[in-house]
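Structure first, commentary second.
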Amino acid sequence: MNSSERRLKIYNILMENETVDVSELSSHFDVSPMTIRRDLAIYEKQGILTTTYGGAYLNRDIPEGVNISADASQLDDNTRKIGIAAGKLLKAGDSVFLDSGDMTTGIVYGIKNLRLTIMTNSLAAANILRTFPKVELIIAPGPYNEDICGFLGSSTIAFIRKYNFDVAVLNGEKLDTAYGLTVKDETSAHLKATALDCAKRNIVMIKSEDIDDSAFAQVATLRKINHIVTDRGLSEDVKGSLEQRGPQVILAD
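The opening position of the sequence shown corresponds to residue 1328 in our numbering, with each subsequent residue numbered one higher.
Shown next, in the form of C-alpha cells:
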C-alpha cells in the first residue's frame, strides 16, 4: 500500500469513527507512529481534524481562516445558481466524479437530497459533502495542492483511472470554440481529461466571463463535452456557436 492509499483509508476511518489512535493506525498499516503523525498533519493543516498526544479527532465545523472556497455560504450568486442547475442533471444513484474549484463546490446546492456516490480530489468539497447523509464520499488522494485546496498529482490521476463514473462534473477555467476546455496547469488538464475518459457523460461548470477565451493546456474539445452550465451573461451568439459543436448549453436561472 502506498502513502496516498493509506491516507485515504485513514481519512475514511476518521469520517466513520470521528477519532483515531496513532498506535492503532500504526499497527493496522504496519508503519511507524511518526509516519501516521505526518499523515494526520496533512489533514490538520486543512482543518479537517485536530491532533492530540495519542491520536486525532474530527472537527465538526470548518474553522475560520482555512483557505477553502468550500464554505458554500460565501459563494457568489452566479456560482450558486450554476450549481443548482448542474445538480438537476444528476439523478439518484449516480456515481459522480466532482472536480476541485469554486464552481464545482457550488453544486452542493443542487445535490443535498440526492443519494449519490461521489469521488472528489477536493478537500473543500469533501468538508461539505461529509455532512450529507445520502452521499457516499470517496477522496482521490495524492500530493496536496494549496491552489486547488485538494489533491493533484500523478497518483491522484492513477487512482481516478481505476473507476467508472456515471457523470464527471468539472470546474471550467477557460472555454472557447477553437480549443474547447482549457486550464493553466498541465497536471490539472491531465486529471480532468482522465475523469472525462472514465465517465459516461460530463458536465462543465463555468462562468460566462471565462467563455470565449483559452488557457495553456487543453482538456477536451467541445465534441467531448456533453453539458456546459453557465450564467445568463453568455451572449446568444456565443451560446449558439458552442452548441453547433456538440454540447448542450444550460443558462442558470
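For glycine and all other residues, C-beta sits at the position ideal for the given N, C-alpha and C.
On a predicted model such as this, the values are computed, not experimentally measured, just so you know.
Using the Cβ count rule (16 or more neighbours within 10 Å means buried), how would you classify residue i?
i	result
N1329	exposed
I1395	Any reading at I1395 must be qualified, since the residue scores a pLDDT of 37, below 50, and its modelled position is unreliable; the value itself is stated next. Answer is buried; the Cβ neighbour count reaches 16.
G1567	exposed
D1404	exposed
F1424	buried
Y1338	buried
M1446	buried
T1431	buried
L1561	buried
P1360	exposed
T1379	exposed
P1574	buried
A1368	exposed
G1499	buried
S1481	exposed
K1534	buried
N1448	buried
Bridge partners for residue i per DSSP, in chain order?
i	result
Q1575	H1554
G1507	D1503
I1538	L1502
F1492	A1526
G1477	S1449 and N1472
D1348	G1382
L1497	V1531
Please check the pair residue i and residue j, which I expect to be a contact at CB under 8 Å, by giving their CB distance rounded to whole angstroms.
i	j	result
F1492	S1422	5 Å
L1497	K1519	5 Å
T1346	G1381	Their Cβ separation, rounded to whole angstroms, is 10 Å, which puts T1346 and G1381 out of contact at 8 Å.
T1444	A1467	Actually they are not in contact, since the Cβ atoms of T1444 and A1467 sit about 13 Å apart, beyond 8 Å.
R1572	T1504	6 Å
K1461	R1442	4 Å
V1565	D1539	5 Å
D1580	K1418	20 Å between Cβ atoms; not a contact.
L1341	L1376	6 Å
I1411	G1374	In fact, because the Cβ distance is near 26 Å, the residues do not count as touching under 8 Å.
Can you tell me which of the three DSSP states residue i falls into?
i	result
S1515	helix
L1417	coil
Y1384	strand
Y1471	strand
E1463	strand
F1543	coil
L1581	Past the boundaries of the shown model lies residue 1581; the chain is included only from 1328 to 1580, so the question cannot be answered.
T1377	strand
N1329	coil
L1569	helix
T1548	coil
D1403	coil
S1359	coil
E1391	With a pLDDT of 41 at E1391, under the threshold of 50, the predicted position of this residue should be treated as unreliable, though the coordinate-derived value follows. Three-state DSSP puts E1391 in coil, outside helix and strand.
T1458	coil
D1580	coil
Check whether the Cβ of residue i lies closer than 8 Å to any Cβ atom in chain D.
i	result
A1526	Annotation note: the requested chain D is absent from the structure, which comprises a single protein chain.
Legend entry - Uninterrupted alpha helix (DSSP H) stretches inside the region 1408-1454 (no shorter than 4 residues): 1429-1432 and 1435-1438
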